[in-house]
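Accompanying notes for the structure given below.
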Amino acid sequence: MANPFDKSYTNAFLADEEQAKEIDALIIVFDVPLETQVYYENPKLISRAQFTQGQILKAYMDADGAREDVYAVLEHRYLVDCVAVKSLQFYYLFFTFLYLVGGGLWIHLVWYKYEHEALHIQKMLIAPIFLKVFQVFIFAIYVG
Amino acid sequence: MRLFFAHAVTLAASRTMTSNLLEVTDTLYLQNSKSGYLLLEPLQLTPFPYIKNFASNMTIEGNLCYAQTQD
Numbered sequence: 001m002a003n004p005f006d007k008s009y010t011n012a013f014l015a016d017e018e019q020a021k022e023i024d025a026l027i028i029v030f031d032v033p034l035e036t037q038v039y040y041e042n043p044k045l046i047s048r049a050q051f052t053q054g055q056i057l058k059a060y061m062d063a064d065g066a067r068e069d070v071y072a073v074l075e076h077r078y079l080v081d082c083v084a085v086k087s088l089q090f091y092y093l094f095f096t097f098l099y100l101v102g103g104g105l106w107i108h109l110v111w112y113k114y115e116h117e118a119l120h121i122q123k124m125l126i127a128p129i130f131l132k133v134f135q136v137f138i139f140a141i142y143v144g
Numbered sequence: 001m002r003l004f005f006a007h008a009v010t011l012a013a014s015r016t017m018t019s020n021l022l023e024v025t026d027t028l029y030l031q032n033s034k035s036g037y038l039l040l041e042p043l044q045l046t047p048f049p050y051i052k053n054f055a056s057n058m059t060i061e062g063n064l065c066y067a068q069t070q071d
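Quick note, the sequences are listed as chains A and B, same order. Residue numbers for the first sequence follow my numbering, so the first one is 1 and each next one is one higher. Residue numbers for the second sequence follow my numbering, so the first one is 1 and each next one is one higher.
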């Protein structure tokens, strides 16, 4: 279904669950990226077409907006380049290692080398570093 | 879980500025329902990320309908 809806009409259309269930896929003809606050379950697939693409699709429709002899196949492909995605694990593990080295260096400097000169605020700065370690390490686990 | 994974991968892809890390494509084929011949070159559409099935592969087939808002 190709719909050159305006933004508010599109949101209203998608919010109507009964209407959304009746169609399997929706193509919104709209040149500007659309932002929403929710993740839609119906229609199963939503795509956005440029205005020029919408004009091409429109040319294949009859005046009443449908044609029986035209069959549409919409393919959605996600993460087809698994090798590249797998390499993300090394990317995140590298940053985990980098933050760990940075954190270790900070501990060495603040707690040992300059123990007497170090302020409490400087010691507290270790917290964001280790939060970052947790973040990138969790990312590495999920990506793997 | 999938949404979190998608977020993680998207984050990494945007930070490294390498679009090939995350490949999400929507392709529309228009064909004659009887002969199966393609009526035009496949159209590369822009994926809409706000759907729950975004992180999965799927193919939807059927008739195409067109509607337009009234001014």
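Where a beta carbon is used, it is the ideal one built from N, C-alpha and C, also for glycine.
For a test of the three-state rule: what should DSSP assign to residue i, helix, strand or coil?
{"i": "Pro-42 (chain B)", "result": "coil"}
{"i": "Ile-56 (chain A)", "result": "helix"}
{"i": "Ala-15 (chain A)", "result": "helix"}
{"i": "Val-24 (chain B)", "result": "strand"}
{"i": "Ala-140 (chain A)", "result": "helix"}
{"i": "Tyr-78 (chain A)", "result": "strand"}
{"i": "Leu-98 (chain A)", "result": "helix"}
Taking residue i as the query, report the chain B residues whose CB atoms sit under 7 Å from its CB, ordered along the chain.
{"i": "Arg-12 (chain A)", "result": "Position check: residue 12 (chain A) holds Ala in this sequence, whereas Arg was assumed. Result: empty, since nearest Cβ-Cβ is about 10 Å, beyond 7 Å."}
{"i": "Thr-52 (chain A)", "result": "Result: empty, since nearest Cβ-Cβ is about 10 Å, beyond 7 Å."}
{"i": "Asp-24 (chain A)", "result": "Ile-60, Gly-62"}
Listing by chain order, which chain A residues have their CB less than 7 Å from the CB of residue i?
{"i": "Tyr-37 (chain B)", "result": "In chain order: nothing, as chain A lies at least about 10 Å away."}
Which residues bound the alpha helix (DSSP H) around residue i?
{"i": "Met-124 (chain A)", "result": "120–124"}
I want to verify the contact list: residues of chain B whose CB lies under 9 Å from the CB of residue i, in sequence order.
{"i": "Glu-68 (chain A)", "result": "Ser-33, Asn-63"}
{"i": "Ala-72 (chain A)", "result": "Leu-28, Tyr-29, Leu-30, Gln-31, Ile-60, Glu-61, Gly-62, Asn-63, Leu-64"}
Could you give the first and the last residue of the continuous beta strand (DSSP E) run that contains residue i?
{"i": "Ile-46 (chain A)", "result": "45–49"}
{"i": "Ile-51 (chain B)", "result": "Counting along the chain, Ile-51 (chain B) falls outside any beta strand (DSSP E), and DSSP gives it neither H nor E."}
{"i": "Ile-23 (chain A)", "result": "Unbroken run through Ile-23 (chain A): none, as it is neither H nor E."}
Quick one: what's residue i bridged to in DSSP?
{"i": "Glu-61 (chain B)", "result": "A:Val-73"}
{"i": "Gln-31 (chain B)", "result": "A:Tyr-71, B:Leu-38"}
{"i": "Pro-47 (chain B)", "result": "A:Ser-47"}
{"i": "Tyr-112 (chain A)", "result": "In the DSSP output, where bridge partners are listed per residue, Tyr-112 (chain A) has none listed."}
{"i": "Tyr-39 (chain A)", "result": "Per DSSP, none; premise fails for Tyr-39 (chain A)."}
Report the neighbours of residue i on chain B: residues whose CB is nearer than 8 Å to its CB, in chain order.
{"i": "Val-38 (chain A)", "result": "Tyr-50"}
{"i": "Ile-46 (chain A)", "result": "Phe-48, Tyr-50, Ile-51"}
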